[in-house]
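For reference, the structure is listed below as C-alpha cells.
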Amino acid sequence: MSSDDGQTSRRLFLANTIALAPLAALAAGRTAAQPSKGEELPSSAPAPDHPSVPDYRPAFFTTVEWPFINAACARLIPADEHGPGAIELGVPQYIDRQMGTPWADGAIWYMQGPFFAATPEFGYQSQLTPKQQYRLGIKAIDTLCQERLERPFAALAPAQQDDVLKQIEKGSLTSTELPLSTFFSGFLLKNVLEGYFGDPMYGGNKDMGAWKMIGYPGARADYLEWVGEAKAYPYGPVSIYGKRG
Amino acid sequence: MASPNKPVDVVIVGFGWTGAIMAIELAQAGLKVLALERGEDAATVPNWAYPKVVDEISQSARNGLLQNLSKSTVTIRHDKSDRALPYRQIGSFKPGTGVGGAGIHWSGVHSRVMPEELRLKSQITERYGARFIPAGMSLQDWGITFGELEPHFDHFEQVCGTSGKAGNIQGRKLEGGNPFEAPRSHEFPLPPLTDPPTSVLFAKATRDLGYHPYPLPAANASRPYTNPYGCQLGPCNFCGFCSDYGCINYSKASPQTTILPLLYRMPNFTLRTHAHVLKVNTDGAGKMATGVTYIDAQGQEVEQPAAMVVLAAFHLHNVRLMLSSGIGQPYNPETGEGTVGRNFCYQLLNSVNLFFNKSVYINQFMGSGGVGQAIEDFYGDNFDHGKLGFIGGGVIWGRQTGNGPVRGIPLPSGSPTWGSGWKAAVKENFLHTGRIESQLSNMAYRGCYLDLDPTYRDAYGVPLLRMTLNWQDNDLRMSEFFGEKLSQIGKAMGAISMAGRVLKRGDNWDTRPYQSTHINGGTAMGADPKTSVVNKYLQSWDVSNLFVLGANVFAHGIGYNPTGLVGALAYWAAANIRSSYLQNPGPLVRR
C-alpha cells in the first residue's frame, strides 16, 4: 500500500503478477496500513478491570434513585436457593457505571426527530436517552407507589414490589410521563440481566457467581476438544482478566 | 471545498468483502486503486485479540462492530401509504462498519446459489405455467448462468478456506455431501468442521425422517490453511464468539484474514479511512462517472477524480449512493417504471429453540458461526410446488453458533422473565437448549422498494434510505409450511418442548428482534435495462465506468446466506473488467 496523503501519489502501474509471500513477511509490511494522523488506535488491552466493590457510591443515581435501583435489582434477581442475587453480584454498580458510557446518552442510536408514536414492530421511537429513561422512569414509579401505597417503591414490602413490577411489565400500570413497560423491559430488566451475566470487569457478576450458577465458562473460548462430546464441560469459568471462578 | 485530489484509475467506495476483492484484482491488473472507507481501520490484533473481544457487553449488548446509527440509518415502513420511521436502534439487521465491514462480524455460512434461482421466472413458468406467479410479484431472471459463476464460487471458497463436503463434483454424486448441490469443479478446500451436539442430533433426526442432511459449508477453517494469496488461517476452536465478533483465531474468513495482508503490500493500492462518500460525480451528460465526493476525517468535502468508480459498500449504502447521485431512474411503484430501488427483498428466518432433558448436553456456549448440518429437500425448486401453491423455499439447519448469557438464554414458553422462577428456568435450561432454523427466500414485489426518505437525514444532511417492505402472502404461506417441518424435526431430535418464532399469515415485519442481515435487491442485475440497474457484469446500464457490487444486485432474496454469491459476483465482475473492459472501456452489453 502506498503512503497516503491524498494528493501526492504518482501514477503507478504494476506488473500483473505479484509474488506470494508468507504471512510473517506480510505482517511486517502491515505498517503501511497504520491509521493516519488524528486517529486513535484502539488499544489491545481490555477496559480497566473494575469488579464490584463493597462500599460503592453511585456517580449517576441520586440518593432518591439509588434505593429504587437496589430494590428493583433485589426483586428482579433475588438471592434464593438457585443462586446468588443481583445485589450480592453488584448489578446496581454495573448499571450506575453504564450511565457513564456514550450509550447512556443515546450516542449509538439515531436520535434525530421528528418523533412519532408507532406500533411496537417499529422499535424504539422515543427521544429519551437511557439516562432520561432512568431519571423519569424511577420518578414515575415512585410517584405511582406513593399515590397508591403511600410509600416509594423501595419502602414497599417485597410482595408489593413484585406486584408493581408485574403490572408495569404487562402494561396495566402506566404513567403519563413515559411508557413504563418500555422503561421496564427495554432498560431496567435488560440492564439488570447484562450486569448479572456480563464480565465482572464491568462491576456486576461478582466472582462470576452468575456464570457458575448456569455452568457458563465465561471467557475460556476454547472448546475444540470438547465440542464433539455431548457431555458436561468439566472446568469452571474464567473472566476476561484471567481470574478463575 | 478543498482542491481535488490527484486522479486515480479506480476509486472503490467501501472496504469490506467486495471492496477488498475488487481492490486486489484491479491492483494485480496494474491499476492505481484507492479504497475509501468511512469507518476505522481494524485488524485481528489489536481489535479482536483475545481476551478483549470475547466480551458480550461491548460486542453484543453495545454493538461493538456495528454501524453507529447516530450517524446514518434507514427509515422503515410496511406499505407505501404509511409514514416511515427511523431504525433508531439495531434490531432486525446488523450493518457493519470499518475496514472488513460485515465480513468481520458475519457467521461464516458459505453457500452458493442454485442454478434455477438465477433463472427463477423461466423455471417457474416452464414447470408450473406463467399463471402460477401471483399478481404483484416481480419475478425476473438474473441474466447470468450458474456455469458462468462457478469458477468464481470455487475461487472465493479457495480464498476463504471454506470447510465442507462436496455432494456433486462435475456431475459425479458423492456420499456425505448435499445431493441437491449443483455441479462443483472441486472439493471444498477443507473438510467439514466437527459437528457440535445440535448438529449431531439434527443429522440423525432428518436422516431418520428421510431427508438428506449434509455439513453446511463454513468459512470457519477446520484445519490450518494457506490460501492462494499466501494468507494463513488457523483452525477454529469453537470459542462461541462468532456472529457479532471478530475472530480471535484467524479462523473465520474475513478480508483481514484472507486478502488484505497481500493487498497492503502493493504500492499501487491506497486505503483511506474516515472517508464518507456523499455521491458519485458524473459528467455533464450523466453518462460517465468522474469520481466521487467524500467527507474526510477533518469534516472537509473532498473531490476524488477517478477513471472508474466501484460501489462496494454494504447494500444500504450502495443503493442510497445510486439514488442520491441521481444515477439511473428511481423506481416508481405506481407505474412500475424505473429501476433503482426496485426488487428490494429480505429473507424470512424461522427460529425454534429446542429444550432437552438434563441428560442431553448441548452446551450452547460452544460453537462456530458456520458449523451445522442442513437439509435442502425444500430449497429452491427441489420439491414440487404445484399443490403447495407458493414460490420459493429455503434451507433448514441445526447449527450451533455459540451463545452466552448476555446474548439471551432461550426459555420454554410460559417461563417467567425475572424472579426466582426465571432463575430456576435459566439454571435448568442453559446447557440443554439447542436451536433449529429455516432460512427462506423472499420474492420481489411491486410494493416493496427503496427510495429516499422525505423527512429524515443523516449526520451529513443527506436523506436517509427509506425501506418499504412487508411480508407477503406467498412468502408467509411458505413460512407456515416450514414451521411444520421444523416442528417435525424438533420432535424427532428428542426435544421435550419447543419455543420460537415462525412467521405466519398476518404477521408483519417486526424490526425489533434480530433475524437476518441478508437484505438484498434495489439495484438488480439483469439482461433488461427496463427491470435492472446493472448488466450481468454488474456494470451500470447508464454510466459505463460505474460498477455496483453487493447483495443489492440480487433480483430476489435467495434462501441461502448471500456472502458466497456476493463474493463470487465480485470476482466475476473483476474478471470481466480485467479481460474485457480495460482493453475497451465502455458498455460490456449494448442496451
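Taken in sequence, the protein lines are chains A and V.
No gaps in the numbering here: position 21 of the first sequence is 21 in my numbering, and each next residue is one more.
Add 1000 to the 1-based position in the second sequence for my numbering, that's all there is to it.
We put the CB at the ideal spot given by N, CA and C, even for glycine.
In this text, all values refer to a predicted model and were calculated from it rather than measured experimentally.
Could you spell out where the alpha helix (DSSP H) holding F1153 (chain V) opens and where it closes? Note, F1153 (chain V): alpha helix (DSSP H), 1146 to 1160.
Report the partner residues of I1124 (chain V) according to the DSSP bridge assignment. Answer by DSSP bridge pairing: none, since I1124 (chain V) is not bridged.
Going by the beta-carbon positions, is the gap between F1365 (chain V) and G1408 (chain V) smaller than 8 Å? In this structure, the beta-carbon distance from F1365 (chain V) to G1408 (chain V) does not fall below 8 Å.
Chain-order list of residues whose beta-carbon lies under 8 Å from that of P1197 (chain V) (same chain, five-residue window excluded): Cβ neighbours of P1197 (chain V) beyond the five flanking positions: V1360, Y1361, I1362, N1363, Q1400, G1434.
Does DSSP put K212 (chain A) in a helix, in a strand, or in coil? K212 (chain A) carries a helical assignment under DSSP once its states are collapsed to helix, strand and coil.
Between the C-alpha atoms of S1368 (chain V) and Q1329 (chain V), what's the straight-line distance to the nearest angstrom? In this structure, the CA atom of S1368 (chain V) is about 43 Å from the CA atom of Q1329 (chain V).
Can you find at least 3 beta carbon pairs, one from the region 1180 to 1199 of chain V and one from the region 1242 to 1254 of chain V, that sit closer than 8 Å? Cβ pair count under 8 Å is below three, so no.
In the DSSP assignment, find the beta strand (DSSP E) that holds D1453 (chain V) and state where it starts and stops. Annotation for D1453 (chain V): the continuous beta strand (DSSP E) segment containing it runs 1449 to 1457.
Helix, strand or coil at F1180 (chain V) according to DSSP, with G and I counted as helix: Coil.
Taking buried to mean at least 16 other C-beta atoms within 10 Å of its own C-beta, is P1595 (chain V) buried or exposed? The structure shown has nothing for residue 1595 (chain V), since chain V only spans 1001 to 1591.
The region 1469 to 1489 of chain V touching the region 1440 to 1456 of chain V, judged by at least three CB pairs closer than 8 Å: With the cut-off at 8 Å, the region 1469 to 1489 of chain V and the region 1440 to 1456 of chain V touch.
Please work out which residues of its chain come closer than 6 Å, Cβ to Cβ, to V1277 (chain V), disregarding the five sequence neighbours upstream and downstream, and give them in chain order. These residues qualify, in order along the chain: V1013, L1036, V1292, Y1294.
N- and C-terminal bounds of the beta strand (DSSP E) containing A1307 (chain V): 1301 to 1311 is the span of the beta strand (DSSP E), which, as asked, contains A1307 (chain V).
For Q248 (chain A), which residues in chain V fall below 9 Å Cβ to Cβ? Given that chain A is displayed from residue 1 to residue 245, the structure contains no residue 248 (chain A) and the question cannot be resolved.
Where does F183 (chain A) sit, in a helix, a strand or coil, going by DSSP? Helix, per DSSP.
Considering only the alpha carbon of each residue, which of V:V1033, V:V1045, V:D1079, V:T1097 lies closest to G1064 (chain V)? The shortest C-alpha separation from G1064 (chain V) is found at V:T1097.
What separation, rounded to the nearest whole angstrom, lies between the Cα atoms of G1389 (chain V) and H1556 (chain V)? Looking at the two C-alpha atoms, the distance is approximately 18 Å.
Supposed contact pair G1522 (chain V) and S1441 (chain V) - C-beta distance, whole angstroms, cut 8 Å: At roughly 17 Å, the Cβ-Cβ gap does not stay under 8 Å, so S1441 (chain V) and G1522 (chain V) are not in contact.
Min CB distance Q161 (chain A) to chain V below 8 Å: For Q161 (chain A), the closest Cβ of chain V is not nearer than 8 Å.
Can you have a look at T1073 (chain V) and say buried or exposed, based on whether 16 or more other CB atoms are within 10 angstroms of its CB? Its Cβ being crowded by 16 or more others within 10 Å, T1073 (chain V) is buried.
What does the alpha-carbon distance come out to for the pair I1022 (chain V) and A1306 (chain V)? Here residue 1022 (chain V) is Met; the residue named in the question, Ile, does not match the sequence. When rounded, the distance between both Cα atoms is 15 Å.
Would a check of beta-carbon distances place T1433 (chain V) closer than 8 Å to chain A? It does not; no Cβ of chain A falls within 8 Å.
Along chain A, which residues have their Cβ under 7 Å away from the Cβ of E1056 (chain V)? Near E1056 (chain V) (Cβ distances below 7 Å), the residues of chain A are G198.
Give me, in chain order, the residues of the same chain whose beta-carbon lies closer than 7 Å to that of V1280 (chain V); leave out the 5 immediate sequence neighbours on both sides. Excluding sequence positions up to five before and after V1280 (chain V), its CB lies within less than 7 Å of the CB of A1289, V1292, V1309, L1321, S1325, I1327, L1546, all in the same chain and listed in chain order.
Once you ignore the five residues that flank G1240 (chain V) on each side, which residues in its own chain have a CB closer than 6 Å to its CB? Result list for G1240 (chain V): F1365, M1366, G1367, G1402, in chain order.
Can you find a CB in chain V that lies within less than 8 Å of the CB of L178 (chain A)? Interface annotation, L178 (chain A): not in contact with chain V, CB-CB separation never under 8 Å.
Top-ranked residue by Cα proximity to G1177 (chain V), from V:Q1123, V:Y1211, V:T1282, V:H1155: For G1177 (chain V), the nearest C-alpha among the options comes from V:Y1211.
Since G215 (chain A) meets chain V, which of its residues come closer than 9 Å, beta carbon to beta carbon? Chain-order list of chain V residues neighbouring G215 (chain A): N1363, F1365, K1427, F1430, L1431, by C-beta distance under 9 Å.
Can you check which of these residues, V:V1371, V:P1529, V:A1527, is closest to L1216 (chain V) by C-alpha distance? Nearest C-alpha to L1216 (chain V) among V:V1371, V:P1529, V:A1527: V:V1371.
Straight-line Cα distance separating Q1488 (chain V) from T1511 (chain V): Near 28 Å, if we compare the C-alpha coordinates of Q1488 (chain V) and T1511 (chain V).
How would you list, in chain order, the residues of chain A whose beta-carbon sits under 7 Å from the beta-carbon of I1076 (chain V)? Simply F122.
Please work out which residues of its chain come closer than 6 Å, Cβ to Cβ, to G29 (chain A), disregarding the five sequence neighbours upstream and downstream, and give them in chain order. Only weak support exists for where G29 (chain A) lies, its pLDDT of 34 falling under 50; the value from the coordinates is given anyway. The beta carbon of G29 (chain A) lies closer than 6 Å to none in the same chain, with the five residues before and after it left out.
One or two residues paired with H1276 (chain V) in a DSSP bridge: Paired residue(s): V:I1295.
Would a C-beta distance cut-off of 8 Å place L76 (chain A) and V192 (chain A) closer than the cut-off? Contact: yes.
Paired residues, beta bridge with K1287 (chain V) - DSSP: BP columns for K1287 (chain V) are empty, so no partner.
R1093 (chain V) to R148 (chain A) span [Cα, whole Å]: In the sequence on display, residue 1093 (chain V) carries Phe and not Arg. Spanning the two alpha carbons is a distance of roughly 42 Å.
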